[in-house]
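J.:
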Amino acid sequence: MMIALGADHAGFECKDKLVALLLGRGHTILDFGTHDASPVDYPQYGYAVGEAVASGQAERGIVVCGSSIGIAIAANKVPGIRCAPVAEPLAAELSRRHNDANVLALAERLTGWEMIERIVDVFLSTGFDGGRHANRVQQLFSFTDEQRARTLRAIEAHAVTDAATPKELL
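Residue numbers 688 to 857, in the numbering used here, belong to the letters of the sequence shown in order.
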């Protein structure tokens, strides 16, 4: 599998270990850096990995920063990206099965290496269930001006409508 990797200065050591791990397991890597502790801006690395996945250059992506949060937000700015910050294997599995996550965000400062290895294994080996989840994933990219106006009206009225899941999708 072609996997895009990127990290800021707080995640480069984990990213470099992931490069070695994934190459050893037969994957092909696009390594967007960074490669040392010199301070850099994490959004650029999240964007780079997101664009590589969204454009089809890579099948999946992994981004790493100190907490996983900022770099995940950055990757999710790229149209077509569903980046999940994950700290344990069940969340990695559900991010793939239910959300078809295509980029994984990891926290070098908060998650131990053995846990990261398990998370990555689960993320890369789990498929998307589709079915009732496919409609929900599609909705993530269909937030139109009309949907926004309806949502704002619902907020003003203190009532969200049209949010029920159709019974055939349950």
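The beta carbon of each residue, even a glycine, is placed where N, CA and C say it ideally should be. Every value quoted in this text rests on a predicted model; they were computed, and no experiment measured them.
Less than 8 angstroms between C-beta atoms, sequence neighbours within five positions excluded: which residues of the same chain meet that for A844?
T.: Locating residue 844 in the sequence shown gives position 157, counting from the first residue. Here the set comprises nothing.
J.: If you run the structure through DSSP and keep just helix, strand and coil, what is R819?
T.: The residue labelled residue 819 in the question sits at position 132 within the sequence shown. Looking at R819 - three-state DSSP - the assignment turns out to be helix.
J.: Pull up the DSSP beta-bridge partners for A771, would you.
T.: Walking along the sequence shown from the start, residue 771 turns up at place 84. A771 is bridged by DSSP to L791.
J.: Is D808 helix, strand or coil when you go by DSSP?
T.: Numbered from 1 along the sequence shown, position 121 holds the residue referred to as residue 808. If DSSP states are grouped into helix, strand and coil, D808 belongs with the helices.
J.: Keeping to the same chain, check which residues put their C-beta closer than 7 angstroms to that of D718; ignore five residues upstream and five downstream.
T.: Along the sequence shown, read from residue 1 onward, the residue named residue 718 stands at position 31. Only L692, V706 meet the Cβ criterion.
J.: For the alpha helix (DSSP H) containing G711, name the first residue and the last one.
T.: Taking the first residue of the sequence shown as position 1, residue 711 is located at position 24. First-last of the alpha helix (DSSP H) with G711: 699-711.
J.: Secondary structure at V740, three-state DSSP: helix, strand or coil?
T.: Along the sequence shown, one-based indexing puts residue 740 at 53. Three-state result, V740: helix.
J.: Along the chain, where does the alpha helix (DSSP H) that runs through R796 open and close?
T.: One-based indexing of the sequence shown puts residue 796 at position 109. No alpha helix (DSSP H) contains R796, which DSSP labels as neither H nor E.
J.: Would you please state the rounded distance, in angstroms, between the beta carbons of C752 and A694? I believe it to be under 8 angstroms.
T.: Mapped onto the sequence shown, residue 752 falls at position 65. Mapped onto the sequence shown, residue 694 falls at position 7. Confirmed, Cβ separation roughly 7 angstroms.
J.: Compare the C-alpha of A774 against each of V750, A739, Q731 and name the closest.
T.: Position 87 of the sequence shown, counted from the start, is the residue given in the question as residue 774. Of the candidates V750, A739, Q731, the one whose C-alpha sits nearest the C-alpha of A774 is V750.
J.: Check whether chain C comes within 8 angstroms of A771, counting only Cβ atoms and requiring the distance to be less than that.
T.: The structure shown contains no chain C; it holds only a single protein chain.
J.: Who are the near neighbours of G737 in its chain, counting only those whose CB is closer than 6 angstroms to its CB and skipping five residues on each side?
T.: For the purposes of this step, residue 737 is taken as residue 50 along the sequence shown, with counting starting at 1. A762, V765, I768, listed in sequence order.
J.: Is the Cβ-Cβ distance between F828 and R783 less than 8 angstroms?
T.: For the purposes of this step, residue 828 is taken as residue 141 along the sequence shown, with counting starting at 1. For the purposes of this step, residue 783 is taken as residue 96 along the sequence shown, with counting starting at 1. Their beta carbons are not under 8 angstroms apart, which means F828 does not touch R783 by this criterion.
J.: Indicate the three-state DSSP secondary structure (helix, strand or coil) for M688 in the structure shown.
T.: The residue given as residue 688 occupies position 1 in the sequence shown. Here M688 sits in coil by DSSP.
J.: Please state whether DSSP places D718 in a helix, a strand or coil.
T.: Here residue 718 is taken as the residue at index 31 of the sequence shown, counted from 1. Three-state result, D718: strand.
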